[in-house]
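Line by line, the protein sequences are chains D and B. The opening position of the first sequence corresponds to residue 62 in the working numbering, with each subsequent residue numbered one higher. The opening position of the second sequence corresponds to residue 32 in the working numbering, with each subsequent residue numbered one higher. Only one structure is covered here, and it is reproduced in the block below.
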Amino acid sequence: RPQPTSAEKIAAAEIEIEMVSDMFTRLTQSCAKKCIQNDYRESDLNKAESVCLDRCVSKFFEVNLKVSEKMQGEAGRR
Amino acid sequence: ISGLPRLRLPSRNWMIFLSIVGAWTAAVTYDRLEKKRMRQKWCRLVEGLAKEPLPSNMMDRRVTIVLGGPPADGVMTAREHFHEYVKPVLVSAGLDWDVVEGRREGDIRAGLAERVRKRRKMAGEAGTQGEEELQEDTEVLLDDLRNRMGTREWDGIAGDVVIGRHAWKEYVRGLHEGWLGPVDDPKPAKVEEVPASGDEASPTSDTSSSETPDSDTTSAEPNKEEEKPEEKSKEQPKRKQPDPFISPVEYPSAVLSPSCPPILGPSTPVSFPHLLGFFNFPIRIYRFLNKRHLADDIGRQVAAAALGVYRPYETTTSEFTSDPASEFYPPPTSTLPLDISSEDGDGTGNPSTQRRLGIDGEQKAILEHEEAEWHKSARKRDEDEPGKERVWIDDMVLDPRIAARMQRFVLSVEDEQRAKQIAEALSRERWQKVW
Numbered sequence: 062r063p064q065p066t067s068a069e070k071i072a073a074a075e076i077e078i079e080m081v082s083d084m085f086t087r088l089t090q091s092c093a094k095k096c097i098q099n100d101y102r103e104s105d106l107n108k109a110e111s112v113c114l115d116r117c118v119s120k121f122f123e124v125n126l127k128v129s130e131k132m133q134g135e136a137g138r139r
Numbered sequence: 032i033s034g035l036p037r038l039r040l041p042s043r044n045w046m047i048f049l050s051i052v053g054a055w056t057a058a059v060t061y062d063r064l065e066k067k068r069m070r071q072k073w074c075r076l077v078e079g080l081a082k083e084p085l086p087s088n089m090m091d092r093r094v095t096i097v098l099g100g101p102p103a104d105g106v107m108t109a110r111e112h113f114h115e116y117v118k119p120v121l122v123s124a125g126l127d128w129d130v131v132e133g134r135r136e137g138d139i140r141a142g143l144a145e146r147v148r149k150r151r152k153m154a155g156e157a158g159t160q161g162e163e164e165l166q167e168d169t170e171v172l173l174d175d176l177r178n179r180m181g182t183r184e185w186d187g188i189a190g191d192v193v194i195g196r197h198a199w200k201e202y203v204r205g206l207h208e209g210w211l212g213p214v215d216d217p218k219p220a221k222v223e224e225v226p227a228s229g230d231e232a233s234p235t236s237d238t239s240s241s242e243t244p245d246s247d248t249t250s251a252e253p254n255k256e257e258e259k260p261e262e263k264s265k266e267q268p269k270r271k272q273p274d275p276f277i278s279p280v281e282y283p284s285a286v287l288s289p290s291c292p293p294i295l296g297p298s299t300p301v302s303f304p305h306l307l308g309f310f311n312f313p314i315r316i317y318r319f320l321n322k323r324h325l326a327d328d329i330g331r332q333v334a335a336a337a338l339g340v341y342r343p344y345e346t347t348t349s350e351f352t353s354d355p356a357s358e359f360y361p362p363p364t365s366t367l368p369l370d371i372s373s374e375d376g377d378g379t380g381n382p383s384t385q386r387r388l389g390i391d392g393e394q395k396a397i398l399e400h401e402e403a404e405w406h407k408s409a410r411k412r413d414e415d416e417p418g419k420e421r422v423w424i425d426d427m428v429l430d431p432r433i434a435a436r437m438q439r440f441v442l443s444v445e446d447e448q449r450a451k452q453i454a455e456a457l458s459r460e461r462w463q464k465v466w
């Protein structure tokens with residue numbers, strides 16, 4: 062099997078970096094919108110927000126996983 | 032002729048109908064409104080906790096919920112009870128939680144004992160088997176990652192919330208089994224008899240049905256389990272519950288684990304009234320119309336757990352008033368509605384052990400009134416195995432070393448006062464809305 066050339070490897074790495082940073086951005090935006098209220102008086106996260114953020118991130122990844130499993134299943138069937 | 036038309040009351044039959052329907056609706060509505068108000072009261076009491084800052088490199092406080100399906104019923108009733116009464120206060124206090132669930136009798140005991148043994152292993156007590164799989168375990172990996180990232184565990188107490196008498200009995204038994212029993216399975220030969228079902232885990236693997244938000248299995252391949260639940264259910268229709276590693280008779284001769292902490296997670300019992308049966312309908316109707324008292328009671332227990340003030344369990348209930356530390360917690364009448372019996376109640380005795388094992392303690396009497404409500408099928412002993420241990424109907428055996436370490440959450444006097452003030456403020460708001 063032909064090995065991927067270094068150019069292809071670089072391209073693959075670039076795509077992966079883009080995907081990861083895109084997911085990170087979406088995750089932070091979505092969870093910040095849901096968990097952190099507009100009016101705050103201090104810079105530290107309080108406990109309610111911490112717990113909410115933990116759960117939001119966990120749910121986001123689970124949803125991601127389930128959806129990608131389904132899609133792979135669909136792609137595998139075709 | 033002019034003016035108001037001649038007003039008439041409805042006929043006698045309609046009057047009867049409307050008054051019955053009206054009375055029932057009024058009773059239900061009043062009860063639900065009051066229940067909501069009770070819930071709001073306790074939620075507001077603990078709100079302040081959620082607003083405290085938490086450094087981003089510290090994990091949040093995780094309370095362990097011990098939840099089990101009551102005798103002759105499934106786990107969904109317990110879950111709904113939890114969602115309705117316990118969860119709002121936990122959410123309002125900004126706490127995270129972790130559930131030890133049990134579907135059948137003994138599941139909670141097995142799950143809890145497994146957790147304790149795992150904690151002992153991580154603290155360094157070497158078991159003779161399973162060293163390698165411990166290193167591959169998700170929790171160990173997570174801990175390593177957290178150490179590297181500099182994330183600290185919550186540095187205060189965590190706490191346990193135990194829902195129902197059945198879960199309470201299993202909780203106490205599980206604690207004893209975990210801390211007094213051996214770290215390894217004393218009878219590993221049993222596992223080889225289990226037919227090869229693709230479950231390659233060693234006897235210390237988790238076969239009880241405990242669920243947590245992050246899957247808390249101790250088997251070496253947790254991902255496999257998640258992806259192929261159907262295969263497992265075909266090959267292994269009933270998950271085997273590991274037998275207790277130590278029996279209550281062996282408690283006095285057992286060696287307490289050296290890594291046992293001086294305080295065993297302060298616990299709070301939560302009442303779980305559950306009545307089945309056709310002839311119990313009048314009582315159930317009464318309870319249906321009086322859920323506000325239950326909400327108040329449970330709210331108080333969970334708020335006490337959230338606020339974190341605790342005291343040791345009494346060794347004998349008669350010594351309560353002469354306790355030297357009684358200035359630190361309020362008198363019995365106002366805050367301990369669950370301590371009903373002043374004498375040690377045995378309830379249903381185990382016919383096979385005539386002499387009493389263990390010491391007397393406050394833990395035995397907790398939520399005892401619930402035992403009378405259980406369905407009679409729970410009290411029937413299996414004819415095939417008369418000597419088999421039944422956690423629910425056997426007497427609770429307390430080892431003094433474990434019982435002395437158990438602590439209980441109580442609500443302090445100031446918090447009671449604040450709760451009363453919040454209740455008054457809420458009723459003022461109600462009347463203002465009406466005006």
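Virtual Cβ for every residue (Gly too), placed ideally from N, Cα, C. Here the structure is a predicted model, which means the values were calculated and not measured.
Excluding sequence positions up to five before and after B:S288, its CB lies within less than 6 Å of the CB of R151, W210, all in the same chain and listed in chain order. Residue pairing of B:R93 in beta bridges, as defined by DSSP: B:D127.
Residue-level contact by beta carbon fails for D:A136 and chain B, as no gap is shorter than 7 Å.
By the rule that beta-carbons nearer than 7 Å mark a contact, D:S91 does not touch chain B. With the criterion set as a beta carbon lying under 9 Å from some beta carbon of chain B, the members of the stretch 110-127 of chain D are E110, S111, V112, C113, D115, R116, S119, in sequence order. When rounded, the separation of the alpha-carbon atoms in B:L442 and B:Y344 is 14 Å.
Distance from the Cα of B:V122 is smallest, within the candidate group B:E170, B:E132, B:Q71, for B:Q71.
Residue pairing by DSSP puts B:Y341 in a beta bridge opposite B:F440. With respect to the 7 Å criterion, B:A434 and B:G392 are classified as neighbours on the basis of their beta carbons. Here B:D430 is not near B:G296, since their CB atoms are 7 Å or more apart. Residue-level contact check: B:K82 touches chain D, since one or more beta carbons of chain D fall below 7 Å from its beta carbon. Contact between the stretch 324-338 of chain B and the stretch 75-95 of chain B is present, with at least three C-beta pairs closer than 8 Å. Listed along chain B are L80, A81, E83, L85, D91, G125, each with a C-beta nearer than 7 Å to that of D:K108. A distance below 7 Å separates the beta carbons of B:V97 and B:V131. Judged by their CB atoms, B:E201 and B:P275 are not nearer to each other than the 7 Å cut-off. Using a Cβ distance threshold of 7 Å, B:T299 and B:F440 count as a contacting pair.
By the Cβ criterion, the stretch 394-401 of chain B is not in contact with the stretch 173-181 of chain B, since fewer than three pairs of Cβ atoms, one from each stretch, lie closer than 8 Å.
Here DSSP, grouped into helix, strand and coil, assigns B:E132 to strand. Residues E420 of the same chain have their beta carbon placed closer than 8 Å to that of B:S278, with the five preceding and five following residues left out of the count. What D:E103 touches in chain B, judged by beta-carbon distance under 7 Å, is P84, going in chain order.
Between the stretch 68-75 of chain D and the stretch 46-55 of chain B there are fewer than three C-beta pairs closer than 8 Å, too few to call the two in contact. Note that the C-beta distance between B:R134 and B:G100 is below 7 Å.
For the pair of segments examined, the stretch 61-69 of chain B was found to touch the stretch 322-334 of chain B: the number of CB pairs separated by less than 8 Å reaches three. By the Cβ-count criterion, B:T95 is buried, with 16 or more other Cβ atoms from all chains shown falling within 10 Å of its own Cβ.
Rounded to whole angstroms, the Cβ separation of B:V147 and B:L76 is 32 Å, and the two are not in contact under 8 Å. DSSP places B:L38 in the coil class of the three-state scheme, outside both helix and strand.
Counting the other Cβ atoms within 10 Å of the Cβ of B:E136 gives 16 or more, which makes it buried.
Taking a C-beta distance under 7 Å as the contact criterion, B:P102 and B:A396 do not qualify as a contact pair. Residue nearest to B:K271 within the set B:G142, B:M107, B:W466 is B:G142 (criterion: CA-CA distance).
Per DSSP, the unbroken beta strand (DSSP E) holding B:S298 starts and ends at 295-301.
Beta-bridge annotation (DSSP): D:N107 is paired with B:P84. The three-state reading of DSSP puts B:I397 in coil, since its state is none of H, G, I, E or B. When DSSP states are grouped into helix, strand and coil, B:V193 belongs to the strand group.
Cβ atoms of B:S290 and B:A154 come within 8 Å of each other, at about 4 Å. Our two residues, B:I316 and B:W73, have alpha carbons roughly 25 Å apart in a direct line.
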